[in-house]
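The structure under discussion appears below in the form of structure tokens.
And the structure:
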């Protein structure tokens, strides 16, 4: 039976690496940060070697890496589902309470729905094909989407100050924006994972 690798040495190396980063932060110096970056790469190699040894070879280690990537994406997809549940609940409250949004707010939210639906379709395609062109397109679209969300939030704040928007509808509108922001962040995370 193979001996269990010295995981305590990995923990020690992580602590030492964080110490370099902390020193760079406190002293506002790049040299410790550069040292931390080099050490992190070496540690990454060491961890992969340990995994390979534990699993009995390179092929098993590669499978584990793929499984980790898939698990990471599943977690992100679960978070998208959570955000959609929050979105659905917020829209349900809006409908049940008869709360209306301004035409501007409705137009903004329609844009977010349509863009997110499109990005979800591209996410399906990316997960199926791992096509880098799809990933690059998605990353560009996420930047645009997140910029739109920030702009809509800012414009909403102006409407609230002017009294065009009521406090209750404002809360619901912001919950909806937050849900789209969360979905965007998690879908972006997936696109980065599967484009590697």
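Residue numbers (this note's numbering): 1 to 196. Glycine included, every Cβ here is placed at the ideal spot set by N, Cα and C. Just so you know, these numbers come straight off a predicted model, no measurement behind them.
Secondary structure at residue i, three-state DSSP: helix, strand or coil?
i: residue 130; result: coil
i: residue 78; result: helix
i: residue 102; result: coil
i: residue 97; result: coil
i: residue 168; result: helix
i: residue 194; result: helix
i: residue 181; result: helix
i: residue 24; result: helix
i: residue 2; result: Confidence at residue 2 is low in this model, with a pLDDT of 47, below 50, so its placement is unreliable and the value that follows should be read with caution. In the structure shown, residue 2 sits in coil (DSSP, three-state: anything other than H, G, I, E or B).
i: residue 159; result: helix
i: residue 56; result: coil
i: residue 144; result: helix
i: residue 135; result: helix
i: residue 188; result: helix
i: residue 29; result: coil
Figure out for me which residue from the options has the closest Cα to the Cα of residue i.
i: residue 159; options: 102, 133 and 185; result: 102
i: residue 115; options: 149, 51, 191 and 171; result: 149
i: residue 147; options: 50, 112 and 62; result: 112
i: residue 156; options: 182, 127 and 108; result: 108
i: residue 78; options: 193, 183, 191 and 192; result: 183
i: residue 130; options: 76, 118, 94 and 69; result: 69
i: residue 153; options: 27, 99, 137 and 171; result: 171
i: residue 192; options: 110, 138 and 128; result: 138
i: residue 37; options: 180, 59 and 14; result: 14
i: residue 135; options: 190, 81 and 66; result: 190
i: residue 95; options: 10, 168, 11 and 181; result: 168
Assuming the contact rule is C-beta atoms closer than 8 Å, residue i and residue j should be a hit. Round their C-beta distance to whole Å, please.
i: residue 21; j: residue 33; result: 6 Å
i: residue 123; j: residue 187; result: 5 Å
i: residue 64; j: residue 51; result: 6 Å
i: residue 126; j: residue 194; result: 5 Å
i: residue 40; j: residue 17; result: 6 Å
Is the segment 37 to 46 touching the segment 139 to 146, taking contact as three or more C-beta pairs under 8 Å?
no
Examine the Cβ distances between the segment 81 to 92 and the segment 158 to 176 and report whether three or more of them are shorter than 8 Å.
yes
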